[in-house]
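Reading through the structure tokens given below for one structure.
Chains as they are written, first to last, in the working numbering: chain A, 1 to 457; chain B, 1001 to 1448.
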């Protein structure tokens, strides 16, 4: 099958870059997910939707599965190859095609790096808010396929809130454009939305039409330190109750605070139970008023210290703790497993406490940080994949944490996707009917099951 | 090859530390050029790990990949997990050499000549330097080029001939006394003169000593110094690198010095790792730890003791300077603020920030010789960025970068002065009204 596909590719697309050697394939056998890897049979680098379409038709004719990939930064194994597949790497389709300042849209090829999309918007005085942690290298197509989040979810939403249109190569090889520049459009099913978060299982996204918004004029940053986790959670509730929607509401737990201190020495008290990084943006006058009010709310709800940045430099200094959180945790142990259990905001304190108890119960190191504003937590397991006994305990703890999140009305993944890593948990977190509807959809779009098979369910 | 110099026997956690998040990719010049994972730090580490796991042998392709890497260490700066890529890269290249997958008679002969022959013998290296100076100063180079005799050379050598750096007529030991500065100085430092630096940029060494003396240091400079071994460590010859480290340590009275100073970024980055290089040597391990602790880049050292500002001169001309960051200073040693402090200590100096200042210039040790195409692309990119600043003086603190930039300016026929930050400070001290140091050394400036 592969030999035949290889031949067909050479004759139909003679200029297509195709990797076949072991040394070239090994670096495509994994993505950003810990511990998972599978060797692909080929890696190809199409340069246009037409080339993608040809590859899809040829692969389908040869019965070879296709795994689409951008920069391979995913955290749920969504772009990990399946045995004997061709990896369709879109990183070279990276052009920003248009910034339309009249309609506030941006059109890019799916391999464009998220950061370059944000920079192109910024250059036009506009703003593309989704900022996943890997945005310096993640591709916009990957962001859409995983429906990535980021730090600004509470106020600005996630990737799906900014997708206006998509160009998609279907499993048949046909090229579909779905969506347009209209804010309102109810002409038939919203097919576009089906591909958002579809993890490469329904079609191959080749172009993305994004919504942009005006850039906020001002921003203020605060840092509040707490001796009790509940006080931090109460502050968050109080801020929302005061009708303020901050653009950033980030949280670090005590394990993370101590790792940050070991690594970056930013001067946080080591006995603190929680730190909140809060940012508000918008009109300068509103921002100043909100910052003052939030500082007051934090103090009234038990913060032992509240710092408000007066300059951009001070703001950057306050944000250091949050920015270095993941780096600080990642240095502690050989294997870092970053999870994204998510609960309704009102249940956050319960969830954090449960994670801490679970970590003690199974004698594991888990640092938790995350997006307090939208309930998306990152319990981060610091372990060693070669220690099988400990890895077993990690698995049990993970199951317990996900079950608890679901019992609180939450979800097993807020922003990383299901891929391979969460497959087992998806069954526990949703109904049979829900899963079955997903399967029927998959069957309708990809009857031969050649697009990223074995992922999600 | 010692046990710890092979991928199968190094601490596996070093490889595991890479969590393949991909944050290194946008900072890697080779990945930027090809967008193929194999040419990225994450891809290279995956290959190293495959060898450590026994899934793969060190193949010729692996060898070529390890030598396609610039070793610029931009990935170390970007890495959230603190992977020590420099170490992995050295071990991987050692693995390539011990497997012999890149062996061919010509490569072996050149390696033997350079790594084992020339760069372990300081006196021989100086002799070559002297011959180079004679070739250039006598007019032989001019004649050779004018008569187009260079066309008789094989293409590889022909390109290199045009890149030959201008050798200076005097070495560091001719212009630096073994002991300078006040005897009862507050600080006593050792001065490393380097090997390439000593032949083509010995005036930078003179300037460094002047600046140290002007900042109240007694400076001890051993007359004959060996190569620091970075060339060997970066090219898969860790055994010779360890030998050279021992010789270097022997040349200094480490215990009696407050600091040992280097002004060459590439050397400094390697010199600071003597502790790891000699960790298994019972006789040297302890001194090597002391050595690494005392080893300071000159900017780092000056910044730590607070730089004495030269008195401004009344008729001073404004000086606009841009700064190219040597990879092994900004990435290898994380020294970025201090050279700027040195520059800004010069009265009247305006620092114009260079776009992509931390992107490799393509010199990368002997990379411009082994990978001329990639090196030329990076050189052009750097030159373009420098020209975009509109500034005619570029400061940099590494002999490799220095020569690469001089070569770039020559190719573009552009009047660009390439200068070490310390040299600008030394000039300011000499010009200053309260000057205590003598006139500039009578060392003819290279006519490049």
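Glycine included, C-beta positions come from ideal geometry on N, C-alpha and C.
Count the other CB atoms, across all protein chains shown, that sit within 10 Å of the CB of residue 7(A); report buried if there are 16 or more and exposed otherwise. Position 7 of the first chain, counting from 1, holds the residue named residue 7(A). Around the CB of residue 7(A), fewer than 16 other CB atoms lie within 10 Å, so the residue is classed as exposed.
Just the Cα atoms here: how many angstroms apart are residue 56(A) and residue 452(A)? Walking along the first chain from the start, residue 56(A) turns up at place 56. Walking along the first chain from the start, residue 452(A) turns up at place 452. Approximately 12 angstroms, taken between the alpha carbons.
Determine, using beta carbons only, whether residue 369(A) comes closer than 7 angstroms to chain B. Walking along the first chain from the start, residue 369(A) turns up at place 369. So no, residue 369(A) is outside the interface.
According to DSSP, simplified to helix, strand and coil, what is residue 296(A)? One-based indexing of the first chain puts residue 296(A) at position 296. Correct three-state label for residue 296(A): helix.
Residue 1445(B) classed as buried or exposed, judged by whether at least 16 other C-beta atoms fall within 10 angstroms: Here residue 1445(B) is taken as the residue at index 445 of the second chain, counted from 1. Unreliable positioning characterises residue 1445(B) in this predicted model, as indicated by a pLDDT of 41, which lies under 50. The coordinate reading is nonetheless provided below. Burial call: exposed.
Against chain A: residues of the segment 1015-1035 of chain B by CB proximity under 8 angstroms: 1016, 1017, 1019, 1020, 1021, 1022, 1023, 1025, 1026 and 1035
Whole angstroms are fine: how far does the CA of residue 1049(B) sit from the CA of residue 1001(B)? Here residue 1001(B) is taken as the residue at index 1 of the second chain, counted from 1. Here residue 1049(B) is taken as the residue at index 49 of the second chain, counted from 1. Low local confidence applies: a pLDDT of 41 at residue 1001(B) is under 50, so the model's placement there is unreliable, with the coordinate-based value given in what follows. Taking the straight line joining both Cα atoms gives about 19 angstroms.
With a threshold of 7 angstroms between beta carbons, is residue 137(A) in contact with chain B? One-based indexing of the first chain puts residue 137(A) at position 137. Answer yes: the Cβ-Cβ gap between residue 137(A) and chain B drops below 7 angstroms somewhere.
Which residues in the same chain as residue 1448(B) place their Cβ atom closer than 7 angstroms to its Cβ, once the five residues preceding and following it in sequence are excluded? Locating residue 1448(B) in the second chain gives position 448, where the first residue counts as 1. Note that residue 1448(B) scores a pLDDT of 35, beneath 50, so its modelled location is shaky and nothing firm can be said.
Near-chain A residues of the segment 1070-1095 of chain B (beta-carbon distance less than 9 angstroms), N- to C-terminal order: 1078, 1079, 1080, 1081 and 1082
By the 10 Å Cβ neighbour count, where 16 or more other Cβ atoms means buried, how is residue 1003(B) classified, buried or exposed? By 1-based counting over the second chain, the position of residue 1003(B) is 3. At residue 1003(B), the pLDDT of 46 sits below 50, so the modelled position is not reliable; the number obtained from the coordinates is stated separately. So residue 1003(B) counts as exposed.
Close beta carbons around residue 1126(B), own chain, < 8 angstroms, minus the five adjacent residues each side: Counting from 1 along the second chain, the entry for residue 1126(B) is found at position 126. 1171, 1198 and 1199, listed in sequence order.
Residue 1047(B) at chain A interface by Cβ criterion, 7 angstroms: Taking the first residue of the second chain as 1, we reach residue 1047(B) at position 47. Residue 1047(B) counts as touching chain A.
Determine the DSSP secondary structure at residue 91(A), reduced to helix, strand or coil. Locating residue 91(A) in the first chain gives position 91, counting from the first residue. If DSSP states are grouped into helix, strand and coil, residue 91(A) belongs with coil.
Contact list for residue 1037(B) against chain A, beta-carbon separation under 7 angstroms: If you number the second chain from 1, residue 1037(B) lands on position 37. Within chain A, the residues near residue 1037(B) are 27 and 28.
Anything in the segment 57-73 of chain A with a Cβ closer than 9 angstroms to a Cβ of chain B? List those residues in chain order, please. 71, 72 and 73
Within chain B, partners of residue 334(A) - CB distance below 7 angstroms: Here the question's residue 334(A) lines up with position 334 in the first chain. In chain order: 1013, 1016 and 1017.
In angstroms, rounded to a whole number, what distance separates the CA positions of residue 122(A) and residue 128(A)? For the purposes of this step, residue 122(A) is identified with residue 122 of the first chain, where counting begins at 1. For the purposes of this step, residue 128(A) is identified with residue 128 of the first chain, where counting begins at 1. Roughly 8 angstroms separates the two Cα atoms.
From the DSSP output, in three-state form, read off residue 370(A) for me. As a first step, residue 370(A) must be located in the first chain, where it is residue number 370. The answer is strand: DSSP assigns residue 370(A) an E or B state.
What does DSSP give as the partner residues of residue 59(A) in its beta bridges? As a first step, residue 59(A) is located in the first chain; it is residue number 59 there, counting from the start. Answer is none; residue 59(A) lacks a bridge partner.
Using DSSP bridges, identify the partner residues of residue 1122(B). By 1-based counting over the second chain, the position of residue 1122(B) is 122. According to DSSP, residue 1122(B) bridges with nothing at all.
Would you please verify whether the beta carbon of residue 23(A) is less than 7 angstroms from any beta carbon of chain B? On the first chain, position 23 is the one that residue 23(A) refers to. Interface residue, yes.
Which of helix, strand or coil does DSSP assign to residue 1227(B)? Sequence index remark: in the second chain, residue 1227(B) carries index 227 (1-based). Three-state result, residue 1227(B): coil.
Residue closest to residue 1419(B), alpha-carbon to alpha-carbon, out of 1023(B), 1413(B), 1305(B) and 1401(B): Translated into positions along the second chain, residue 1419(B) becomes position 419. The shortest Cα separation from residue 1419(B) among 1023(B), 1413(B), 1305(B) and 1401(B) belongs to 1401(B).
Chain B beta carbons: is any one of them nearer than 7 angstroms to that of residue 327(A)? Walking along the first chain from the start, residue 327(A) turns up at place 327. Yes, because at least one Cβ of chain B sits closer than 7 angstroms to the Cβ of residue 327(A).
So residue 105(A) and residue 211(A) are supposed to be a Cβ contact under 8 angstroms. How far apart are they, rounded? The residue given as residue 105(A) occupies position 105 in the first chain. The residue given as residue 211(A) occupies position 211 in the first chain. Right, the Cβ-Cβ distance comes to about 6 angstroms (below 8 angstroms), so this counts as a contact.
Along chain B, in chain order, which residues have C-beta atoms closer than 7 angstroms to that of residue 91(A)? Along the first chain, one-based indexing puts residue 91(A) at 91. Ordered by position in chain B, the residues that pass the 7 angstroms Cβ test against residue 91(A) are 1035.
Can the beta-carbon of residue 1214(B) be found less than 7 angstroms from the beta-carbon of residue 1067(B)? As a first step, residue 1214(B) is located in the second chain; it is residue number 214 there, counting from the start. As a first step, residue 1067(B) is located in the second chain; it is residue number 67 there, counting from the start. Result no, Cβ atoms of residue 1214(B) and residue 1067(B) do not sit closer than 7 angstroms.
The segment 1055-1064 of chain B touching the segment 298-315 of chain A, judged by at least three CB pairs closer than 8 angstroms: no
For residue 32(A) and chain B, any beta-carbon pair shorter than 7 angstroms? As a working note, residue 32(A) is residue 32 in the first chain. So, interface residue.
Any idea if residue 69(A) is buried or exposed, counting beta-carbon neighbours within 10 angstroms, 16 or more meaning buried? If you number the first chain from 1, residue 69(A) lands on position 69. Answer is buried; the Cβ neighbour count reaches 16.
What does a CB cutoff of less than 8 angstroms around residue 67(A) pick up in its chain, not counting 5 residues either side in sequence? Translated into the one-based positions of the first chain, residue 67(A) becomes position 67. The residues are 40, 79, 80, 81, 82, 85, 86, 87, 88, 200 and 452.
Per-residue DSSP class, three states only, for residue 1442(B): Indexing the second chain from 1 puts residue 1442(B) at position 442. At residue 1442(B), the pLDDT of 46 sits below 50, so the modelled position is not reliable and the matter cannot be decided from this model.
Would you list, in chain order, the members of the segment 1408-1431 of chain B that have their beta-carbon closer than 8 angstroms to a beta-carbon of chain A? none
For residue 1265(B), count neighbouring Cβ atoms within 10 angstroms of its own Cβ and tell me buried if that reaches 16, exposed if not. Counting from one through the second chain, the residue named residue 1265(B) turns up at place 265. Answer is buried; the Cβ neighbour count reaches 16.
Between 446(A), 402(A) and 386(A), which lies nearest to residue 427(A) when the distance is taken from Cα to Cα? Taking the first residue of the first chain as 1, we reach residue 427(A) at position 427. Ranking 446(A), 402(A) and 386(A) by Cα distance to residue 427(A) puts 402(A) first.
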